[in-house]
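Below is one structure, written out as structure tokens; the observations come after it.
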Amino acid sequence: MDCSLDLLCILCGRGGFGSAVIKVEQGGNPTIHTAQGSVKAKFVIVAGNAYLSGLIPELQAKSMPCGSQVITTEPLSDELAASLLPQDYCVEDCNYLLDYFRLSGDKRLIYGGGVVYGARDPADIAAIIRPKMLETFPQLKDVKIEYTWTGNFLLTLSRLPQVGRIGDNIYYSQGCSGHGVTYTHLAGKILADVIHGQATRFDAFASLPHYPFPGGHILQVPFSAIGAWYYTMRDKLGI
1 MDCSLDLLCI
11 LCGRGGFGSA
21 VIKVEQGGNP
31 TIHTAQGSVK
41 AKFVIVAGNA
51 YLSGLIPELQ
61 AKSMPCGSQV
71 ITTEPLSDEL
81 AASLLPQDYC
91 VEDCNYLLDY
101 FRLSGDKRLI
111 YGGGVVYGAR
121 DPADIAAIIR
131 PKMLETFPQL
141 KDVKIEYTWT
151 GNFLLTLSRL
161 PQVGRIGDNI
171 YYSQGCSGHG
181 VTYTHLAGKI
191 LADVIHGQAT
201 RFDAFASLPH
211 YPFPGGHILQ
221 VPFSAIGAWY
231 YTMRDKLGI
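Each residue of the sequence shown is one higher than the last, beginning at 1 in full-length UniProt numbering.
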């Protein structure tokens, strides 16, 4: 497969045709090399976040894949569900290492949190997240956990998203640092605008400073884990 496009998006390390991207070749019309062939495009958007696996070396040092874990309860009674979130809002707390939760349509509580630096999957997700859930909602102590899963997000040192340009026509947005559900709506608009020649908001985001994680690629995970321990203690002590 070899073809040309006006725009190609790289999501989760895959090109617009669902093929794994092997290499991004810069140039007047960047070439995306995939497992099934090559694609040339006038513009390329890189939005793979934690799933790029080093595809764009320029972005690797200033971001780090992390894992977050989620548990889901059995369906709750209307009364119990209403006691948790009377307004049925989606919530994230204000801790340094935050938790987030909401009710599903069938009255289950979906509760997430925790950070695993380096994006490794823990052996027992419920053992990590259930105590957090019970600290917030002790009335759920007898409720069963029916589903657990993990997912990866991309962390930046400043916790601000990375937006920018590589060469003349490769644009990227990544590093939502756990806030992607809300931020990515804006990111899509910003990237669409800059491709159509309206760069004001893009330039504002691109001007945000970003720094490499201490320790480089080898030691960034243990160094970040030490920092996380420090902030966890601050959360527990309320300081």
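Ideal Cβ positions, reconstructed from N, Cα and C, are used throughout, including at glycine.
| Query | Result |
| --- | --- |
| Between threonine 148 and glycine 48, what straight-line distance do the alpha-carbon atoms span, to the nearest angstrom? | 23 Å |
| Select from Val181, His196 and Phe202 the residue whose C-alpha is nearest the C-alpha of isoleucine 190. | Phe202 |
| For arginine 234, count the other beta carbons within 10 Å of its own beta carbon; 16 or more makes it buried, fewer makes it exposed. Which is it? | exposed |
| Is the Cβ-Cβ distance between isoleucine 22 and tyrosine 171 less than 7 Å? | no |
| Run the CB neighbour count on arginine 120, radius 10 Å, all protein chains shown included, and call it buried at 16 or more, exposed below. | exposed |
| Hey, how far is the Cα of isoleucine 32 from the Cα of leucine 11? | 13 Å |
| Can you check DSSP and say which residues form a bridge with glutamine 162? | Gln174 |
| Would you call the segment 97-105 and the segment 116-136 in contact, with 3 or more CB pairs under 8 Å? | yes |
| Does serine 224 come out as helix, strand or coil in the three-state DSSP assignment? | helix |
| Round the Cβ separation of glycine 118 and valine 221 to the nearest angstrom and send it over; I've been treating them as touching at under 8 Å. | 4 Å |
| What is the residue span of the beta strand (DSSP E) that glycine 194 lies within? | Checking the displayed sequence, the identity of residue 194 turns out to be valine instead of glycine. Where valine 194 is concerned, there is no enclosing beta strand (DSSP E), although the alpha helix (DSSP H) it sits in stretches over 180-195. |
| What is the DSSP secondary structure of alanine 35, reduced to helix, strand or coil? | coil |
| How many whole angstroms separate the CB atoms of valine 40 and alanine 81, which I take to be in contact at a CB cut-off of 8 Å? | Per the sequence presented here, residue 40 reads as lysine, with valine not at that position. 52 Å between Cβ atoms; not a contact. |
| How far does the beta strand (DSSP E) with isoleucine 22 in it reach, from first residue to last? | 21-25 |
| Which residues in the same chain as phenylalanine 213 place their Cβ atom closer than 6 Å to its Cβ, once the five residues preceding and following it in sequence are excluded? | Met64, Leu157 and Gln220 |
| Please state whether DSSP places isoleucine 56 in a helix, a strand or coil. | coil |
| Starting from threonine 72, trace the alpha helix (DSSP H) both ways and give me its first and last residue. | Here threonine 72 belongs to no alpha helix (DSSP H); instead the beta strand (DSSP E) covers 64-73. |
| Where do the N-terminal and C-terminal ends of the alpha helix (DSSP H) with threonine 136 fall, by residue? | 125-136 |
| Is tyrosine 231 helix, strand or coil by DSSP? | helix |
| Report yes if the C-beta distance between valine 70 and glycine 114 is below 7 Å; otherwise report no. | no |
| Per DSSP, what are the beta-bridge partners of leucine 208 in this structure? | None, per the DSSP bridge assignment. |
| Mapping the DSSP letters down to three states, classify alanine 41 as helix, strand or coil. | strand |
| Is residue 242 helix, strand or coil by DSSP? | Residue 242 falls outside the range modelled here, since the chain spans only 1 to 239, and no answer is possible. |
| Would you kindly report the start and end of the unbroken beta strand (DSSP E) that includes leucine 76? | Premise fails: leucine 76 is in no beta strand (DSSP E) and is neither H nor E. |
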